[in-house]
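A.B. asks:
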Amino acid sequence: MMMTSSPLFQPVRLGALELPHRVLMAPLTRSRSAQPGNAPHALNAEYYAQRAGAGLIISEATQISPEGQGYAWTPGIHSAEQIEGWRGVTRAVHAKGGRIFLQLWHVGRVSHPLLQPHRGLPVAPSAIAPSGTAFVVDETGAPAFVPFVTPRALETHEIPRIVADFAQAAAHARAAGFDGVEIHSANGYLLDQFLNSSANHRTDAYGGSIENRARLTFEVLQAVSRVFGPGRVGVRFSPFGRFMDMGDSNPLALYAHIAERLNDLDLAYAHVVDPAIIGNETAGPIALGAALLQQFRATYRGKMVLAGGFDRAKAEEAIGSGLADAIAFGRSFLANPDLPERLRANAPLNAPNKATFYGGGAEGYTDYPAMAG
Ligand SMILES: Cc1cc2nc3c(=O)[nH]c(=O)nc-3n(C[C@H](O)[C@H](O)[C@H](O)COP(=O)(O)O)c2cc1C
């Protein structure tokens, strides 16, 4: 057996971190924080500790502020109770020899007054509602799906406050013991809304040109990097993603600019959700998706993480061909706490149960079995 020659199991340095292998845990929202207060608790620490064998765990998306929340029961990192809860998670992961980044999230327009402070309108680059429904907690405390509302466009003078909220959340993450943070600039949330011409109709310095639409993501990356220092900040993008009504007039040009500008920052990695294999969440033609990834890889000189639909063979190919330095696994890590060991041994995988993805307790969360023996 030549198992150790797999490129997936070669060590890699991502910024300030030395990883023993390249199987990362992708960020996965599980909506199981303690209520009220959206604070992580012992069950969440157990879940992450079970997955501490990951090269790096990227946590579920975590709201930087009350305004940044868009779904029922997702955790935050803006209150003392939440910081304390996350401290329990990082301690449990570190005790098992793991490494963990916190994914920092502001959902922008993907929210609802029922989740907002003072029942206010969600904020966005422009007053354009996404189609579909928000998953909220209603006045009686029960979960409910309600149509999205038209958000309020952020005033230019409010944008420094958003940047400051990200920086404050990063400071909290540091205090809670995280090894770094990943900035969520993907999947149709606030930073992605600014990037995409379909959601950003602004006429100030944060809209219009590609440079202007990318400005907020870069301001956030700079501010958060100042908090965490070099090599401890990652960023996630989803070019061609159509989730939450995203769409850009020229993704190749947008991401050419982004990849080039990222070279000015000393990040741990850039994390790209593969546009070709994200499934029906993208309308981008597969050929263009591959071209975009290759262009990104050729332009960005830092480390690159890919995610979306990977199994062992595809992951080995992506790393072996030089397209990626590490692979983040989502649903397969959700269902297999010992995923790296299973991939190393080419062992069968547990299947994820969609019915228990969001909300609930231990079922479908901490009860997926590890390999026998
Ligand atoms: C239950 C679930 C929750 C997710 N939550 C997040 C999240 O919080 N942040 C994020 O960036 N992506 C999130 N994603 C996307 C995953 O990180 C990943 O990109 C996607 O599942 C594709 O990878 P996979 O094919 O390995 O599952 C989520 C996906 C699933 C299935």
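Each residue of the sequence shown is one higher than the one before, starting from 1416 at the first, in this note's numbering. The C-beta atom is built at its ideal place from N, Cα and C for all residues, glycine as well.
A1750 by DSSP, collapsed to three states: which one?
C.D. replies: Here residue 1750 refers to the residue found at position 335 when the sequence shown is read from its first residue. In this structure, A1750 counts as helix in the three-state DSSP scheme.
A.B. asks: Just to confirm the assignment: which complete alpha helix (DSSP H) runs, minimum length 4, are found wholly within the segment 1651-1691?
C.D. replies: Those alpha helix (DSSP H) runs which fall completely within the segment 1651-1691 and span 4+ residues are 1666-1677.
A.B. asks: For a test of your reading of the model: does the CB of R1757 fall under 6 Å from any non-hydrogen atom of ligand 1? Yes or no.
C.D. replies: The residue you call residue 1757 lines up with position 342 of the sequence shown. R1757 Cβ: outside cutoff for every heavy atom of ligand 1.
A.B. asks: Under 7 Å between the Cβ atoms of A1441 and A1730?
C.D. replies: Taking the sequence shown and counting its residues from 1, the one referred to as residue 1441 is at position 26. Taking the sequence shown and counting its residues from 1, the one referred to as residue 1730 is at position 315. No; because the gap between Cβ atoms is not below 7 Å, this pair is not in contact.
A.B. asks: Using the Cα positions of D1594 and V1504, report the straight-line distance between them to the nearest angstrom.
C.D. replies: By one-based count along the sequence shown, residue 1594 stands at place 179. By one-based count along the sequence shown, residue 1504 stands at place 89. So the alpha carbons of these two residues sit roughly 12 Å apart.
A.B. asks: Whether or not the segment 1682-1689 and the segment 1637-1654 are in contact is what I'm after, with contact meaning three or more pairs of Cβ atoms, one per stretch, closer than 8 Å; do they touch?
C.D. replies: Output reads yes: the segment 1682-1689 touches the segment 1637-1654.
A.B. asks: Could you tell me which of R1466, E1461 and G1483 sits nearest to G1500, measuring between CA atoms?
C.D. replies: Along the sequence shown, read from residue 1 onward, the residue named residue 1500 stands at position 85. Ranking the options by Cα distance to G1500, first place goes to E1461.
A.B. asks: Any idea if Q1497 is buried or exposed, counting beta-carbon neighbours within 10 angstroms, 16 or more meaning buried?
C.D. replies: Counting from one through the sequence shown, the residue named residue 1497 turns up at place 82. Label assigned to Q1497: buried.
A.B. asks: Whole angstroms is fine: what's the gap from V1552's alpha carbon to S1736's?
C.D. replies: Taking the sequence shown and counting its residues from 1, one reaches residue 1552 at position 137. Taking the sequence shown and counting its residues from 1, one reaches residue 1736 at position 321. So the alpha carbons of these two residues sit roughly 46 Å apart.
A.B. asks: Looking only at its chain, what residues have a beta carbon closer than 7 Å to the beta carbon of Y1463, apart from the 5 residues adjacent to it on each side?
C.D. replies: The residue given as residue 1463 occupies position 48 in the sequence shown. Taken in chain order, the residues that qualify are I1472, V1504, A1507, V1508 and I1515.
A.B. asks: I'd like to know if the segment 1442-1458 and the segment 1560-1576 are in contact, where contact means that at least 3 CB-CB pairs between them fall below 8 Å.
C.D. replies: No, the segment 1442-1458 does not touch the segment 1560-1576.
A.B. asks: Run the CB neighbour count on H1493, radius 10 Å, all protein chains shown included, and call it buried at 16 or more, exposed below.
C.D. replies: Position 78 of the sequence shown, counting from 1, holds the residue named residue 1493. Under this definition H1493 is a buried residue.
A.B. asks: Since R1567 sits in a beta bridge, which residues does DSSP pair it with?
C.D. replies: Taking the first residue of the sequence shown as 1, we reach residue 1567 at position 152. DSSP lists V1538 as partners of R1567.
A.B. asks: Kindly provide the chain-ordered list of residues whose Cβ lies closer than 6 Å to any non-hydrogen atom of ligand 1.
C.D. replies: Cβ atoms closer than 6 Å to ligand 1 belong to A1441, P1442, L1443, T1444, E1475, A1476, Q1518, H1599, A1601, N1602, R1651, V1688, A1722, G1723, G1724, F1725, F1744, G1745, R1746, S1747 and F1772.
A.B. asks: Helix, strand or coil: how does DSSP classify T1548 here?
C.D. replies: Counted from its first residue, the sequence shown places residue 1548 at position 133. DSSP places T1548 in strand when its eight states are reduced to three.
A.B. asks: Distance check for P1654 and H1533, CA to CA, integer angstroms please.
C.D. replies: Sequence index remark: in the sequence shown, residue 1533 carries index 118 (1-based). Sequence index remark: in the sequence shown, residue 1654 carries index 239 (1-based). Cα to Cα, H1533 sits roughly 34 Å from P1654.
A.B. asks: On the three-state DSSP scale, how would you describe G1503?
C.D. replies: Here the question's residue 1503 lines up with position 88 in the sequence shown. Residue state, collapsed to three classes: helix.
A.B. asks: Taking the beta carbon of T1548 as the centre, do at least 16 other beta carbons fall within 10 Å, making it buried, or is it exposed?
C.D. replies: Position 133 of the sequence shown, counting from 1, holds the residue named residue 1548. It is exposed - the Cβ of T1548 has fewer than 16 other Cβ atoms within 10 Å.
A.B. asks: Near Y1773, which residues of its chain fall below 6 Å by C-beta distance, leaving aside the five closest residues on each side in sequence?
C.D. replies: Sequence index remark: in the sequence shown, residue 1773 carries index 358 (1-based). For Y1773, where only same-chain residues beyond five positions count, the Cβ hits under 6 Å are S1446.
A.B. asks: Is N1695 helix, strand or coil by DSSP?
C.D. replies: The sequence position of residue 1695 within the sequence shown is 280, counting from 1. Low confidence applies here, because N1695 scores a pLDDT of 45, under 50, leaving its location unreliable and the question unanswered by this model.
A.B. asks: Is T1571 closer than 7 Å to D1619 when the C-beta atoms are compared?
C.D. replies: The sequence position of residue 1619 within the sequence shown is 204, counting from 1. The sequence position of residue 1571 within the sequence shown is 156, counting from 1. Yes.
A.B. asks: Between which two residues does the beta strand (DSSP E) carrying R1428 extend?
C.D. replies: Start at 1 with the first residue of the sequence shown, and residue 1428 comes out as number 13. Counting along the chain, the beta strand (DSSP E) containing R1428 begins and ends at V1427 to L1429.
A.B. asks: Which of helix, strand or coil does DSSP assign to S1736?
C.D. replies: As a working mapping, residue 1736 is identified with position 321 in the sequence shown. It is coil, neither helix nor strand.
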